[in-house]
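Encoded as structure tokens, the structure appears first; notes follow it.
Number of protein chains: 2
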Amino acid sequence: MEAFTAFAHQLADQAAALTRAGFRTSIAVENKSANHFDPVTKIDREVEADVRASIAAQYPDHHIWGEEFAGVTALAAQNMTWVIDPIDGTRAFISGMPTWGTLIGLYDGDQPVLGIADQPIVGDRFWADATGAFWRHSNTTNALSTRSCASLKDAVIAATSPALFESPAQKTSWQALSDRARLVRWGGDWYNYALLAAGHIDAVIECGLGAYDILPLRPIIEAAGGIVTNWQGQAVTAGGDIVAAGDARLHAEILAQL
Amino acid sequence: MEAFTAFAHQLADQAAALTRAGFRTSIAVENKSANHFDPVTKIDREVEADVRASIAAQYPDHHIWGEEFAGVTALAAQNMTWVIDPIDGTRAFISGMPTWGTLIGLYDGDQPVLGIADQPIVGDRFWADATGAFWRHSNTTNALSTRSCASLKDAVIAATSPALFESPAQKTSWQALSDRARLVRWGGDWYNYALLAAGHIDAVIECGLGAYDILPLRPIIEAAGGIVTNWQGQAVTAGGDIVAAGDARLHAEILAQL
């Protein structure tokens, strides 16, 4: 295992110790948005602070782009940048549902180096680096591979919430796509992308993601054989409107509809 | 532990052995509906057949109401009836998401005797009988208790999918309720009701459930201090349109809106 990957696993282990201790306890929930309910807990902040401190100690010249604290807010040429979502799915976390995850990515300029996504209650860890894409559960590690799915009519597609599609154009696009899909799955947050990489879901279509919601997952999706872009078909180097698919033919069909 | 409860745990253990072996494998998915995609797998059928055989051997005079095989289709006075959903959340199961569960209930006439809901990948088991409501995780068992939540404006509410609200009246009712809630959660299937019993979710509002989707959960909700009725406020003795709340004040507010 490469040095950065071993270090990222150590970060995920540290995060898991904190999230496991806080999950399903009576923790205070704050609202970090003035416009709607956007929950954050002290566990989100503790995990990100802990991961940031470890990165700063180990790689003091690396940049850090996280959800909860100020830092860089873009990938930049000739910089190594860690992208962190301490708890992706805070709404699931505060509702007792074990579908949240800790996401950690590393980029060299705008190119992915590694990504890791961890759900310590279920015991699911997904990661990827230059050596491939992997999934560990119950002490067994397997390579990840997306599945073949040529067309929307055969596809299991997913999105976390109807509320992600805010504009009329987004709602119309989603409706047209979901009407043609075989099965639509709601909820899931990061898990949908990991399950796409594992060959259980065919496409994830969402809007308005943060960079930390998707950049750590991009290497896992790509190394498993999938494709992830924005709705315009461009490479994902920040957040925004996202289309991920396990099969390039399905990705092309969805992009053509958008 | 009472004899029926010990037997129900044994049934859940048997089911778990089958579901664990089948989860995230390449299993064939059939469509059991002519109108839309309603998936079923051989694992659903194997689990229900196994549970039915054990009940028939142990309690040959008991009735069985299950999702996948013919049997009784109502609770009846002076009969003991087991109500079984071998995999609640088959859509989650076939998508690799560990939020499905095996549900087993027992009714004496129309009165609940016990309910059990099991998620073996996460290691979450919820159950209730005359001695109380309980949750086991990682070999630790705790009593379940709903939380206080007096009003919709403070409530975390959940529904598995927008597609459950089929009629214009149902859509309008849901929209009015969800607009006033603090947080809306999608996905989850049976898990939402169990997390309501555990004090993490305040209300679950859904339409068109099968009896096997809700009857095994009713004893768990009620023994934890919650209330579950249909949209007309009547006791749940079959499927239909369901309102569950952890706090009777919230339940009353929701019913008043419906």
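As given, the protein sequences belong to chains A and B, one line each in that order. Residue 274 is where the first sequence ends in my numbering, and the numbering goes up by one at each step. Residue 274 is where the second sequence ends in my numbering, and the numbering goes up by one at each step. Glycine included, every Cβ here is placed at the ideal spot set by N, Cα and C. Values in this document were obtained by computation on a predicted structure and should not be read as measured data.
**Message:** I need the straight-line Cα distance from V138/A to R198/B, nearest angstrom please.
**Reply:** If I take the Cα positions, the gap works out to 27 Å.
**Asked** Does the Cβ-Cβ distance between I217/A and A174/A come in under 7 Å?
**Response** For I217/A and A174/A, yes; Cβs fall inside 7 Å.
**Asked** Can you name the start and end residues of the alpha helix (DSSP H) that P184/B belongs to?
**Response** Unbroken alpha helix (DSSP H) run through P184/B: 184 to 196.
**Asked** Should E46/B go down as buried or exposed, given a rule of 16 or more other Cβ atoms within 10 Å for buried?
**Response** By the Cβ neighbour-count rule, E46/B is exposed, with fewer than 16 other Cβ atoms within 10 Å of its own.
**Request:** Locate the alpha helix (DSSP H) running through A24/B, then write down its first and last residues.
**Result:** For A24/B, the enclosing alpha helix (DSSP H) covers residues 19 to 38.
**Message:** Given the structure, does T57/A come close to the ligand PLP, in the sense that its CB is under 6 Å from one of the ligand's heavy atoms?
**Reply:** No copy of the ligand PLP appears in this structure; indeed no ligand is present at all.
**Item:** T156/A, enclosing beta strand (DSSP E) - first and last residue
**Value:** Counting along the chain, the beta strand (DSSP E) containing T156/A begins and ends at 156 to 159.
**Prompt:** What number of angstroms, rounded off, separates the C-alpha of G131/B from the C-alpha of D29/B?
**Reply:** Near 14 Å, if we compare the C-alpha coordinates of D29/B and G131/B.
**Request:** For the beta strand (DSSP E) holding N95/A, just list the boundary residues, first then last.
**Result:** Annotation for N95/A: no beta strand (DSSP E) segment contains it, and DSSP assigns it neither H nor E.
**Request:** Measure the CB-CB distance between G117/B and V99/B and report whether it falls below 7 Å.
**Result:** Going by C-beta atoms, G117/B is not nearer than 7 Å to V99/B.
**Asked** Listed from N- to C-terminal order along the chain, which residues in the segment 168 to 191 of chain A have their beta-carbon within a distance smaller than 8 Å of any beta-carbon of chain D?
**Response** Among the protein chains in the structure shown, which are A and B, there is no chain D.
**Prompt:** To the nearest angstrom, how far is it from the Cα of E269/A to the Cα of V172/A?
**Reply:** Each residue's alpha carbon lies about 14 Å from the other.
**Message:** Please give me, in chain order, every unbroken run of the beta strand (DSSP E) with length at least 3 that falls completely inside the segment 49 to 95 of chain A.
**Reply:** Segments of the beta strand (DSSP E) lying fully in the segment 49 to 95 of chain A: 55 to 57, 79 to 82.
**Prompt:** With burial defined as no fewer than 16 other Cβ atoms inside 10 Å of the residue's Cβ, what is the status of N155/A: buried or exposed?
**Reply:** With fewer than 16 other CB atoms across the displayed protein chains lying within 10 angstroms of its CB, N155/A is exposed.
**Asked** Between the C-alpha atoms of S167/B and P55/B, what's the straight-line distance to the nearest angstrom?
**Response** Rounded to the nearest angstrom, the two C-alpha atoms are 37 Å apart.
**Asked** Applying a beta-carbon distance threshold of less than 8 Å, which residues of chain A neighbour Y207/B?
**Response** Within chain A, M113 have C-beta atoms less than 8 Å from the C-beta of Y207/B, given in sequence order.
**Request:** Using a Cβ-Cβ cut-off of less than 8 Å, give me the residues of the segment 116 to 132 of chain B that come near chain A, in sequence order.
**Result:** Listed in sequence order: no entries.
**Item:** Residue span of the beta strand (DSSP E) that contains A5/B, given as start and end
**Value:** There is simply no residue 5/B to check, as chain B begins at 17 and stops at 274 in what is shown.
**Message:** Short of 7 Å in beta carbon distance, which residues of its chain neighbour P136/B, apart from the five on each side in sequence? Order them along the chain.
**Reply:** Only residues of its own chain outside the window of five on either side were considered, and among them A32, T35, R36 have a CB closer than 7 Å to the CB of P136/B, listed in chain order.
**Prompt:** What separation, rounded to the nearest whole angstrom, lies between the Cα atoms of D229/B and L91/B?
**Reply:** Computed Cα separation, rounded: 14 Å.
**Prompt:** For E62/A versus G82/A, is the C-beta spacing smaller than 7 Å?
**Reply:** The answer is no: Cβ separation not under 7 Å.
**Asked** Name the DSSP bridge partner or partners of Q135/A?
**Response** Looking at the DSSP output, Q135/A sits in a beta bridge with D140/A.
**Message:** For A245/B, report the span of its beta strand (DSSP E) as first-last.
**Reply:** In the sequence under discussion, the amino acid at residue 245/B is Thr, which differs from the Ala named in the question. Taken as a continuous stretch (DSSP letters only), the beta strand (DSSP E) holding T245/B covers 243 to 246.
**Request:** Identify whether R163/A lies in helix, strand or coil by the three-state DSSP scheme.
**Result:** Residue state, collapsed to three classes: coil.
**Asked** Exposed or buried, which one is H267/A when buried takes at least 16 other CB atoms within 10 Å?
**Response** With a threshold of 16 other beta carbon atoms within 10 Å, H267/A meets it and is buried.
**Request:** Report, in whole angstroms, the separation of the C-beta atoms of A72/A and L233/A, which I expect to be a contact under 8 Å.
**Result:** Their Cβ separation, rounded to whole angstroms, is 24 Å, which puts A72/A and L233/A out of contact at 8 Å.
**Item:** Under the three-state DSSP convention, the category D229/A falls into
**Value:** D229/A carries a helical assignment under DSSP once its states are collapsed to helix, strand and coil.
**Asked** Are any of the Cβ atoms in chain B nearer than 7 Å to that of H52/A?
**Response** Chain B contact via Cβ: absent.
**Simplified DSSP assignment, three categories, for P178/A** = Under the three-state reduction of DSSP, P178/A is assigned to helix.
**Asked** chain B partners of V138/A, CB-CB under 8 Å?
**Response** Neighbours of V138/A on chain B, chain order: P114, I137, V138.
**Message:** Taking the straight line between their C-alpha atoms, what separation do you get for S13/A and I43/B?
**Reply:** Nothing can be reported for residue 13/A: it is not among the residues displayed for chain A, which extend from 17 to 274.
**Request:** Check the DSSP bridge columns for T118/B and list the partner residues they point to.
**Result:** Beta-bridge annotation (DSSP): T118/B is paired with D134/B.
**Prompt:** Of the choices D77/A, G224/A, S177/A, T188/A, whose alpha-carbon is the least far from that of Q94/A?
**Reply:** Out of D77/A, G224/A, S177/A, T188/A, D77/A has the C-alpha closest to the C-alpha of Q94/A.
**Request:** Could you have a look at D170/A and say whether DSSP puts it in helix, strand or coil?
**Result:** Secondary structure at D170/A: helix, using DSSP grouped into helix, strand and coil.
**Asked** Should M144/B and I236/B be called a contact, given that it needs their Cβ atoms to be closer than 7 Å?
**Response** Correcting the residue type first, residue 144/B is Ala in the shown sequence and not Met. In this structure, the beta-carbon distance from A144/B to I236/B falls below 7 Å.
**Residue environment, A19/A, which counts as buried when at least 16 other CB atoms sit within 10 Å** = Exposed: under 16 other Cβ atoms inside 10 Å.
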